[in-house]
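Take any residue in the sequence shown, count from 1 to its spot, add 378: that is its number in this note's numbering.
Beta carbons are placed, not taken as given, at the ideal position from N, Cα and C, and that holds for glycine.
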Amino acid sequence: MRTLRLNDTEYAFCDELGMETVDVRELKLQGCMGCGACERRIHHGGECAVADDMQMLYPKIAQCEKLVFICRQSFGCCSPKCKRILDRMAVLGYPEYTVKNRELTKKGWKIPLREIEFLLYGEATPQELALFEEWLEEIHGITGGTLMRVQYIGEEAALCPY
379 MRTLRLNDTE YAFCDELGME TVDVRELKLQ GCMGCGACER RIHHGGECAV
429 ADDMQMLYPK IAQCEKLVFI CRQSFGCCSP KCKRILDRMA VLGYPEYTVK
479 NRELTKKGWK IPLREIEFLL YGEATPQELA LFEEWLEEIH GITGGTLMRV
529 QYIGEEAALC PY
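This is the structure:
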């Protein structure tokens with residue numbers, strides 16, 4: 379299984395066979411503008427209209443089966459940079475949505491992505507942990523029903539400072 383890890387921490391990770399790690403801290407990433415260009419084939423050919431470093435990440439994400447976000451938990455969510463990446467991944471999915479159980483659900487991915495995992499570290503209150511779990515449930519339909527996992531890790535767990 380090809381795994382891509384997006385690292386938004388000050389720690390280094392050793393790549394294993396079939397695994398690549400990208401340090402996203404220095405990448406220039408804008409949030410989704412909600413322009414809908416990724417869903418229309420007319421003006422942008424179904425591609426994201428925002429020209430930034432996400433264009434470099436798209437081919438890497440498009441080839442992976444498992445995507446791992448490594449970041450500090452922030453205000454009951456993943457880091458802002460990881461949230462931007464996840465939002466901008468909409469271009470990699472089918473533009474069709476359906477309603478299942480009264481919730482908006484994306485048809486699925488046009489890529490082999492099967493699993494998204496969050497490795498979160500840092501001090502978080504029980505309320506923040508509950509908020510994150512609730513957020514994961516909310517975005518589950520938007521991610522095409524992709525398997526979503528979260529692990530809370532200590533800062534010393536398998537992490538090597540640069």
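At least 8 Å separates the beta-carbon of TYR499 from that of GLY486. Short of 6 Å from the beta carbon of ILE489, and not among the five residues preceding or following it, lie these beta carbons of its own chain, in chain order: ALA440 and LEU470. In the structure shown, LYS444 falls within a strand segment according to DSSP collapsed to helix, strand and coil.
Beta bridge pairing from DSSP links GLU398 with LEU382.
Annotated three-state conformation of PHE496 is strand, per DSSP. In this model, GLU495 and LEU435 are separated by some 17 Å (Cα to Cα).
Under the DSSP definition of a beta bridge, GLN529 partners with LEU497. Residues of the same chain with a CB within less than 8 Å of the CB of LYS438, apart from the 5 flanking positions on each side, are LEU382, GLU398 and VAL400 in chain order.
Taking C-beta atoms as the reference points, VAL528 and ILE463 fail to come closer than 8 Å. Residue GLY522 holds the alpha-carbon nearest to the alpha-carbon of VAL477 among SER457, GLY522 and PHE391. For CYS460, DSSP assigns no beta-bridge partner whatsoever. Apart from sequence neighbours up to five positions away, the residues of its chain that approach LEU514 with a beta-carbon distance below 7 Å are MET526 and VAL528, ordered along the chain. Pairing ARG480 with ILE517, the inter-Cα distance amounts to about 14 Å. Take the alpha-carbon of ARG466 and the one of LEU405: they are about 14 Å apart.
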